[in-house]
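Q:
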Amino acid sequence: MAVYTPPLRDMQFVMHELLNVTADLQAMPAHADMDADTINAVLEEGGKFAAEVLLPLNISGDAEGCQIDITTHAVTTPTGYKAAYKQYIDSGWAALACDPAFGGQGLPLVVNQCFYEMMNSANQAWTMYPGLTHGAYAALHTHGTPEQKATYLHKMTSGEWTGTMCLTEPHCGTDLGLMRTKAEPQGDGTYKLTGNKIFISAGEHDLADNIIHLVLARLPDAPPGIKGVSLFIVPKFMVNADGSLGARNGIYCGGLEHKMGIKSNATAQIVLDGAVGTLVGQPNKGMQGMFVMMNAARLGVGNQSLGLTEVAFQNALAYAKDRIQMRALTGPKAKDKPADPIIVHPDVRKMLLTAKAYAEGGRALLCFSAMLLEKEHNHPDEAVRKESGELLALLTPICKAFLTDNGHISTNACMQVFGGHGFIKEWGMEQFVRDNRINMIYEGTNTIQSLDLLGRKVLSNNGATLKKFGKLVGALVAEEGVNEKMAEFITPIAILGEQMTKFTSEIGFKGFQNPDEVGAAAVDYLRVAGHLVFGYFWARMAQVALKQIAAGNPDPFYVAKLQTARFYFAKLFPETATAMRTARAGSKVLMDTDAALA
Ligand SMILES: Cc1cc2nc3c(=O)[nH]c(=O)nc-3n(C[C@H](O)[C@H](O)[C@H](O)COP(=O)(O)OP(=O)(O)OC[C@H]3O[C@@H](n4cnc5c(N)ncnc54)[C@H](O)[C@@H]3O)c2cc1C
């Protein structure tokens, strides 16, 4: 079985030494009393739940999967899942970062973010059941009527009811404008929904008393395309005026998908057979509400891959210290043994450090992003709220696509450390690879994320938001530009920061003449932008570590941080040169290929 130790020390480093989150939190009335001890204590307990309750269910849940009784449409989750969920809600974990007005504990989002990272490490598929609820909660909290909020949010906060997001249909995934599910007004403020949704995560299960589906559908007079899509709440069980559960609604699971990974999360085909729903927000403006959910989910998906990268790294590291094969090229290291542990081999170290650097860089970025989300919603200064929202919009596709691609690279590298033992099931490594694979696909494929970054977030405003991030890089360069000890970290981001402006305008100019140029460059562009962001955080982490070492702090944690920063800049960051070159290679080599693809 895989092992997992919650990375509490690194979380504390990111929150308290790198980002100084308590000062930022205390500036917001909602968190005026927050302190580091409270945050650390909550995460220590959260780590125990992940490691002691969820981890032991990960491999067995994968093997057992979910079962459907096709006559009753009931779905049963694997052995132990229901008890773990009960423990989760009984301990109050569901309510951690929810609004106290609806029974939540009101803790900062960054705490929930770290808690979810640990649950994802322990068991991504289980974690998706409560995870989807958070997105549905956020959409209703922002766009629901007072009555809808009163009806649903308390039970979703407590975790007694879970949520889903129902967008995808058999003929439409990326292109939601093709949607066919219909919503007919009933004249009493409700609608009857008819249609078929597929691939709905946590769409049916036995963990909670009710499931609150957030469903996209078209009204009879809706304009064609995405501008004619509206958002509805469709509960599995109707809710009576006193809050008790009423009749079974006409929404049910028609089948479960058999799939490559996250096997213990029910991926449901959902049939809407005259199901009763209520409208959320304005008619034909459904994407506004759904985007609240999708943006939360995109950060959540990046967090899924962060969790898997971390747990894969921990297991590969332990194995590499234990497994003996061959001698070090420089001569025997473990002279008392017939061979050296494989950690002596340079390439094994490279694989391990790749995962470590991507995990720790990802943690810094996601905690920073969680703080931006917090400021966007809760900061008293409107200018800060606006600025935070804009920066978060820029970083969201990077959090989703860069972290999940890095998760793919990292889980594969860690599996490789195990040799053939990684490919067989016994050690749990192949499951991390399989589970991570969906993260690159759902919530908008990584290609779509890269088009969102380059097309919508960067080129549409002539790089204005990108320049906001550039300012952060510029400030760090100005602060540390003359510090020789920081040169190896500052010089690469200073150079890339300068190159980025020209690189972006070059693609923008070519894209103006031929839109395929943007499509051809976008994925490479996101890799470059992702490294600029990671480079910035790695330089800042190196800065903190160097200061601690200079002050005589003997904690080896800081030496480890510095070594990982050096590895990142030497071995991973240079990918930017290749990605810029391939982006510049343009669209012709892709589009003038009809014979090759005939
Ligand atoms: C396990 C699982 C869980 C899921 N959970 C949910 C859920 O809870 N709720 C939900 O609504 N959906 C869910 N989905 C659906 C998921 O979000 C979609 O699969 C995804 O958005 C892609 O849609 P698609 O599969 O139809 O692929 P398509 O849209 O058909 O795309 C196929 C390929 O074409 C590419 N492509 C499409 N358009 C463009 C373009 N304009 N430019 C460049 N490339 C393009 C895509 O990137 C992709 O590589 C889930 C899917 C799976 C497999």
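Take the position in the sequence shown, starting the count at 1, then add 131; the result is the number in the working numbering. A virtual CB, placed ideally from N, CA and C, is assigned to each residue, including glycine.
(1) Below 8 Å, is the gap between the Cβ of residue 573 and the nearest heavy atom of ligand 1?
(2) I need the boundaries of the alpha helix (DSSP H) containing residue 220, first residue and last residue.
(3) Mind listing, in chain order, the continuous alpha helix (DSSP H) runs of no fewer than 4 residues lying wholly within the region 223-275?
(4) Hey, would you say the C-beta of residue 740 is under 8 Å away from at least one heavy atom of ligand 1?
(5) List the whole-angstrom C-beta distance separating residue 617 from residue 673, where the pair is believed to meet the contact cut-off of C-beta under 8 Å.
(6) Measure the Cβ-Cβ separation of residue 283 and residue 290 and say whether it is below 9 Å.
(7) Could you round the C-beta distance between residue 165 and residue 239 to whole angstroms and report it? I think they count as a contact, below 8 Å.
(8) Please classify residue 400: does DSSP put it in a helix, a strand, or coil?
(9) Using three-state DSSP, classify residue 366 as helix, strand or coil.
(10) Let's test the definition: count the other Cβ atoms within 10 Å of the Cβ of residue 465 and tell me whether it reaches 16, buried, or not, exposed.
(11) Taking the Cβ atom as the reference point for each residue, do residue 287 and residue 271 lie within a distance shorter than 9 Å?
(12) Name the residue from 193, 624, 619, 594 whose alpha carbon lies nearest to the alpha carbon of residue 605.
(13) Taking residue 140 as the reference, which of 193, 249, 510, 221 has the closest Cα?
(14) What beta strand (DSSP E) runs, 3 residues minimum, are completely inside the region 273-334?
(15) Could you pull out every residue in the same chain whose Cβ sits closer than 8 Å to the Cβ of residue 628, ignoring the five residues on either side in sequence?
(16) Mapping the DSSP letters down to three states, classify residue 679 as helix, strand or coil.
(17) Spell out the partners DSSP gives residue 382 in its beta bridges.
(18) Can you say whether residue 193 is buried or exposed, counting buried as having 16 or more other CB atoms within 10 angstroms of its CB?
(19) Going by C-alpha distance, which of 378, 503, 434 is nearest residue 567?
(20) Looking only at C-alpha atoms, which of 534, 372, 634 sits nearest to residue 576?
(21) Near residue 690, what residues of its chain come up, given a Cβ to Cβ distance below 8 Å and the 5 sequence neighbours on each side ignored?
(22) Would the C-beta of residue 747 count as close to ligand 1, meaning under 8 Å from any of its heavy atoms?
(23) By alpha-carbon positions, which one of 334, 321, 181, 150 ends up nearest to residue 411?
(24) Please state whether DSSP places residue 793 in a helix, a strand or coil.
(25) Any heavy atom of ligand 1 closer than 8 Å to the CB of residue 388?
(26) Does the structure place the region 516-525 close enough to the region 170-181 that three or more beta carbon pairs sit under 8 Å?
(27) Give me the residue from 242, 299, 309, 319 with the minimum Cα distance to residue 328.
(28) If you drop the 5 nearest sequence neighbours on each side, which residues of the same chain put their C-beta closer than 7 Å to that of residue 338?
(29) Report, in whole angstroms, the separation of the C-beta atoms of residue 549 and residue 447, which I expect to be a contact under 8 Å.
(30) Span of the beta strand (DSSP E) holding residue 576?
(31) Beta-carbon within less than 6 Å of residue 710's beta-carbon, same chain only, minus the 5 sequence neighbours each way: which residues are those?
(32) Please determine, among 536, 721, 348, 564, the residue with the shortest C-alpha to C-alpha distance to residue 647.
(33) Give the secondary structure of residue 198 by DSSP, where H, G and I count as helix, E and B as strand, and everything else as coil.
(34) DSSP has residue 207 in a bridge; who is on the other side?
(35) Which same chain residues, not among the five before or five after residue 473, have their C-beta less than 6 Å away from its C-beta?
(36) In its own chain, which residues sit with a C-beta less than 6 Å from the C-beta of residue 565, not counting the 5 before and 5 after it?
A: In this structure, then:
(1) On the sequence shown, residue 573 is found 442 positions in, with the first residue counted as 1. Yes, since a heavy atom of ligand 1 falls inside the 8 Å radius drawn around the Cβ of residue 573.
(2) Numbered from its first residue, the sequence shown carries residue 220 at position 89. Going by DSSP, residue 220 is part of the alpha helix (DSSP H) stretching over 212-221.
(3) Secondary structure in the region 223-275: the alpha helix (DSSP H) runs of 4 residues or longer, each lying completely within the stretch, are 240-274 in chain order.
(4) Lying outside 132 to 729, the shown extent of the chain, residue 740 is not represented and no answer is given.
(5) Your numbering for residue 617 matches position 486 in the sequence shown. Your numbering for residue 673 matches position 542 in the sequence shown. Going by Cβ atoms, the distance from residue 617 to residue 673 rounds to 7 Å, so yes, they are a contact pair.
(6) The count along the sequence shown starts at 1 and reaches residue 283 at position 152. The count along the sequence shown starts at 1 and reaches residue 290 at position 159. Not closer than 9 Å, so no.
(7) Counted from its first residue, the sequence shown places residue 165 at position 34. Counted from its first residue, the sequence shown places residue 239 at position 108. Indeed, because the Cβ distance is near 6 Å, the residues count as touching under 8 Å.
(8) Numbered from 1 along the sequence shown, position 269 holds the residue referred to as residue 400. DSSP places residue 400 in strand when its eight states are reduced to three.
(9) Against the sequence shown, residue 366 aligns to sequence position 235. Look at residue 366 here: in three-state DSSP terms it is strand.
(10) Against the sequence shown, residue 465 aligns to sequence position 334. Residue 465 is exposed by the Cβ-count criterion.
(11) For the purposes of this step, residue 287 is taken as residue 156 along the sequence shown, with counting starting at 1. For the purposes of this step, residue 271 is taken as residue 140 along the sequence shown, with counting starting at 1. Residue 271 sits close to residue 287, with the two beta carbons spaced by under 9 Å.
(12) Within the sequence shown, numbered from 1, the residue matching residue 605 stands at position 474. Here the closest residue by C-alpha is 624.
(13) By 1-based counting over the sequence shown, the position of residue 140 is 9. For residue 140, the closest alpha carbon among the candidates 193, 249, 510, 221 is that of 249.
(14) 292-297, 313-316, 322-332, all fully within the region 273-334.
(15) Residue numbering aside, residue 628 sits at position 497 when the sequence shown is read from its first letter. Once the five neighbours on either side are set aside, the close Cβ partners of residue 628 are 601, 604, 605, 608, 663.
(16) Here residue 679 refers to the residue found at position 548 when the sequence shown is read from its first residue. Note: residue 679 maps to helix in three-state DSSP.
(17) Within the sequence shown, numbered from 1, the residue matching residue 382 stands at position 251. Beta-bridge partners assigned by DSSP to residue 382: 403.
(18) Walking along the sequence shown from the start, residue 193 turns up at place 62. When all chains shown are included, residue 193 counts as buried.
(19) As a first step, residue 567 must be located in the sequence shown, where it is residue number 436. Selected option, being the one with the closest Cα: 434.
(20) Taking the sequence shown and counting its residues from 1, the one referred to as residue 576 is at position 445. Distances from the alpha-carbon of residue 576 to those of 534, 372, 634 put 534 closest.
(21) By 1-based counting over the sequence shown, the position of residue 690 is 559. If you ignore the 5 residues before and after residue 690, its C-beta comes within less than 8 Å of the C-beta of 676, 680, all in its own chain and listed in chain order.
(22) No answer is possible for residue 747: it lies beyond the span of the chain, which begins at 132 and ends at 729.
(23) Counting from one through the sequence shown, the residue named residue 411 turns up at place 280. Residue 321 is the option with its Cα nearest to residue 411.
(24) Given that the chain is displayed from residue 132 to residue 729, the structure contains no residue 793 and the question cannot be resolved.
(25) Within the sequence shown, numbered from 1, the residue matching residue 388 stands at position 257. Yes; taking the cut-off as 8 Å, the Cβ of residue 388 has a heavy atom of ligand 1 nearer than that.
(26) Too few Cβ pairs lie closer than 8 Å, so no.
(27) For the purposes of this step, residue 328 is taken as the residue at position 197 of the sequence shown. Ranking 242, 299, 309, 319 by Cα distance to residue 328 puts 299 first.
(28) The count along the sequence shown starts at 1 and reaches residue 338 at position 207. Excluding sequence neighbours, residue 338 sits near 208, 212, 213, 216, 260, 293.
(29) Position 418 of the sequence shown holds residue 549. Position 316 of the sequence shown holds residue 447. Contact between residue 549 and residue 447 holds: CB atoms are separated by about 7 Å, below the 8 Å threshold.
(30) Stepping through the sequence shown from its first residue, residue 576 is reached at position 445. That residue, residue 576, is in no beta strand (DSSP E); it is neither H nor E in DSSP.
(31) Position 579 of the sequence shown, counted from the start, is the residue given in the question as residue 710. Cβ neighbours of residue 710 beyond the five flanking positions: 655, 658, 659.
(32) The residue given as residue 647 occupies position 516 in the sequence shown. Residue 721 is the option with its Cα nearest to residue 647.
(33) Here residue 198 refers to the residue found at position 67 when the sequence shown is read from its first residue. The answer is strand: DSSP assigns residue 198 an E or B state.
(34) Here residue 207 corresponds to residue number 76 of the sequence shown, with the count starting at 1. By DSSP's assignment, residue 207 forms a beta bridge with 198.
(35) Here the question's residue 473 lines up with position 342 in the sequence shown. Same-chain partners within the cutoff: 451, 454, 456, 479.
(36) As a first step, residue 565 must be located in the sequence shown, where it is residue number 434. Closer than 6 Å at Cβ, skipping near neighbours: 391, 392.
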